[in-house]
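Going letter by letter, the sequence shown gives residues 1 to 365 in this note's numbering. Positions of the beta carbon are idealized from the N, C-alpha and C atoms, including for glycine. Note that the coordinates shown come from a computational prediction; the quantities given were computed from them, not determined experimentally. Have a look at the structure below, then the notes.
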Amino acid sequence: MKRPFTIVALFGLALSVSGPTAAQNNPATPGNLNIYWIDVEGGAATLFVSPSGESMLFDTGYPDGDRDAKRIHAVAQMAGLTRIDHVVISHWHGDHVGGLAALAKMIPMGTFYDHGDGVEPADRQRLEGYKAVAGAKRTIVKAGDTIPFGSVQVRVVVSEGPVIANAINGGGPNPLCANAAQQAPAGPENQRMVGLSLAYGRFTFASLADLDWQRELELACPINKLGTVTVYQVNRHGGLDNSGTPALLGAITPQVIVVNNGPRKGLGGRDDRVKPIVVPGVQPAPYEPNSYLRMAKTRGVEDIWQGHLSMLDSDPSHNTSRDMIANIEDAPDHQGHWIAASVARDGRFTVTNGRNGFRKTYTAR
Numbered sequence: 001m002k003r004p005f006t007i008v009a010l011f012g013l014a015l016s017v018s019g020p021t022a023a024q025n026n027p028a029t030p031g032n033l034n035i036y037w038i039d040v041e042g043g044a045a046t047l048f049v050s051p052s053g054e055s056m057l058f059d060t061g062y063p064d065g066d067r068d069a070k071r072i073h074a075v076a077q078m079a080g081l082t083r084i085d086h087v088v089i090s091h092w093h094g095d096h097v098g099g100l101a102a103l104a105k106m107i108p109m110g111t112f113y114d115h116g117d118g119v120e121p122a123d124r125q126r127l128e129g130y131k132a133v134a135g136a137k138r139t140i141v142k143a144g145d146t147i148p149f150g151s152v153q154v155r156v157v158v159s160e161g162p163v164i165a166n167a168i169n170g171g172g173p174n175p176l177c178a179n180a181a182q183q184a185p186a187g188p189e190n191q192r193m194v195g196l197s198l199a200y201g202r203f204t205f206a207s208l209a210d211l212d213w214q215r216e217l218e219l220a221c222p223i224n225k226l227g228t229v230t231v232y233q234v235n236r237h238g239g240l241d242n243s244g245t246p247a248l249l250g251a252i253t254p255q256v257i258v259v260n261n262g263p264r265k266g267l268g269g270r271d272d273r274v275k276p277i278v279v280p281g282v283q284p285a286p287y288e289p290n291s292y293l294r295m296a297k298t299r300g301v302e303d304i305w306q307g308h309l310s311m312l313d314s315d316p317s318h319n320t321s322r323d324m325i326a327n328i329e330d331a332p333d334h335q336g337h338w339i340a341a342s343v344a345r346d347g348r349f350t351v352t353n354g355r356n357g358f359r360k361t362y363t364a365r
């Protein structure tokens, strides 16, 4: 993994979202697209603030004692928000929609977006809870839809039905598809979900939430429909046992990868639980079984930022540099440090670690 970049700075203080000085710790630049990866310990919650001040939250973490709702609310306050304009829920698993009910009591919310009423029996209660919060402000999206977000283009690239029909962000024929390994579909919720692509000037971002290997291949083969991605929020919290197909990763050539893992969830879990499907007469291309190394070895990846040091596999060679890990302890009372990015229209963006103030500036390719 190359690390050739130019601007590295240490603030000399630890940043957190708690306490009266939280707003002073905000690494955002006014007039930029600002992104906050909130620590929900292996769930997902990403907050976007557009250059004009609109806000969009993608997923709401776990319900655990309102911990995640409180962390999201604290970051929203740090960002200067008094409401969240758009709330996108990727799917009905508890680590993605669980914090919504509590958060809705803490801050007003605008329009809600989701993949629809397809649901497994175990997830029905969470869907109904979401519908009670969203009410008449609910919008069911499909691939190809857009979400209005000022000067930032937000596209839905997958949701319930077929993936987007046409390539975006310079996508085209993908030579990595010729002998790409196949895997069986994951459970329904890991296929139905909403995945997003954002574009702001030269900068592109994508998050496919928990999308599985098979659906990734629909986006990647025979045409790479996602195009190139500057910052990629990797699927399945970095636990790439049934996601992270090299046919997709190698095609989108992410410059920076963000892993929203927990101390004992996602990155560092077993990578060999799902075996490739054997297709007669086809020898699938080999791929790196370790999730972190698969990301690090992907062409074009310059850095990986992690929500947590993996306690499932804390080998330094299977985790990024500690400067780029937001949380390094596994304790019930840890502070839940965030990672943030501030993106200028010309493609320069700075990523900051909320734990130690370490930051690094990149230029989108």
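Per DSSP, VAL133 is one residue of the alpha helix (DSSP H) stretching across 124-134.
DSSP places VAL156 inside the beta strand (DSSP E), whose first and last residues are 153-158.
The residues ALA45, ARG71, ILE72, VAL75, TRP338, in chain order, have a CB closer than 6 Å to that of ILE38 in the same chain once the five nearest residues on each side in sequence are set aside. Taking one beta carbon from each stretch, the stretch 350-362 and the stretch 54-66 have fewer than 3 pairs nearer than 8 Å; the two do not touch.
With a cutoff of 9 Å on beta-carbon distance, ARG345 and ASN34 are scored as not near each other. Straight across, the Cα-Cα distance linking ASP117 with PRO316 is about 42 Å.
The C-alpha of PRO51 lies about 27 Å from the C-alpha of GLY43. When rounded, the separation of the alpha-carbon atoms in LEU57 and GLN182 is 33 Å.
If you look at LEU248, you'll find it in the alpha helix (DSSP H) that goes 246-252. The alpha carbon of SER310 has as its nearest neighbour, out of ASN290, VAL301, LEU249, the alpha carbon of ASN290. Of the other Cβ atoms in all chains shown, 16 or more fall within 10 Å of the Cβ of GLU216; this residue is therefore buried. Look at the stretch 319-349 and you find these whole runs of beta strand (DSSP E), each 3 residues long or longer: 325-327, 339-343.
Counting C-beta atoms within 10 angstroms of its own C-beta, ARG294 has 16 or more neighbours from the protein chains shown and is therefore classed as buried.
Cβ neighbours of GLY347 within its own chain (closer than 7 Å, five residues either side excluded): GLY201, ARG202, PHE203, THR363, ALA364.
Between the C-alpha atoms of HIS318 and ALA136 there is a straight-line separation of about 46 Å. By the neighbour-count criterion, in which 16 or more other beta carbons inside 10 Å mark a residue as buried, ASN179 falls on the exposed side. Between LYS297 and the set GLN255, GLN283, HIS334, the nearest pair of CA atoms involves GLN255. Rounded to whole angstroms, the Cβ separation of VAL119 and LEU127 is 5 Å, and the two are in contact under 8 Å.
Within the same chain, Cβ atoms closer than 6 Å to the Cβ of GLY144 are found at ILE164, the five residues on either side in sequence being excluded. Look at the stretch 49-120 and you find these whole runs of alpha helix (DSSP H), each 4 residues long or longer: 67-78, 94-97, 100-104. As computed with DSSP, GLN182 is found in a beta bridge with ILE277.
In the three-state scheme derived from DSSP, where H, G and I count as helix and E and B as strand, PRO175 is classed as helix. The Cβ-Cβ distance between ALA79 and LEU47 falls below 9 Å. A Cβ-Cβ contact shorter than 9 Å links THR320 with TYR292. In this structure, GLY110 lies away from HIS91, with their beta-carbon atoms at least 9 Å apart. Nearest in C-alpha terms to SER151, of all of ASN353, VAL343, GLY354, ARG355, is VAL343. Secondary structure at LEU267: coil, using DSSP grouped into helix, strand and coil. Residue pairing for ILE304: DSSP places it in a beta bridge opposite ILE257. Annotation for ASN190: the continuous alpha helix (DSSP H) segment containing it runs 189-192.
A contact between stretches requires three or more CB pairs, one per stretch, nearer than 8 Å, and the stretch 264-274 meets this requirement with the stretch 229-238. The C-beta of GLN125 has fewer than 16 other C-beta atoms within 10 Å across all chains shown, which makes the residue exposed.
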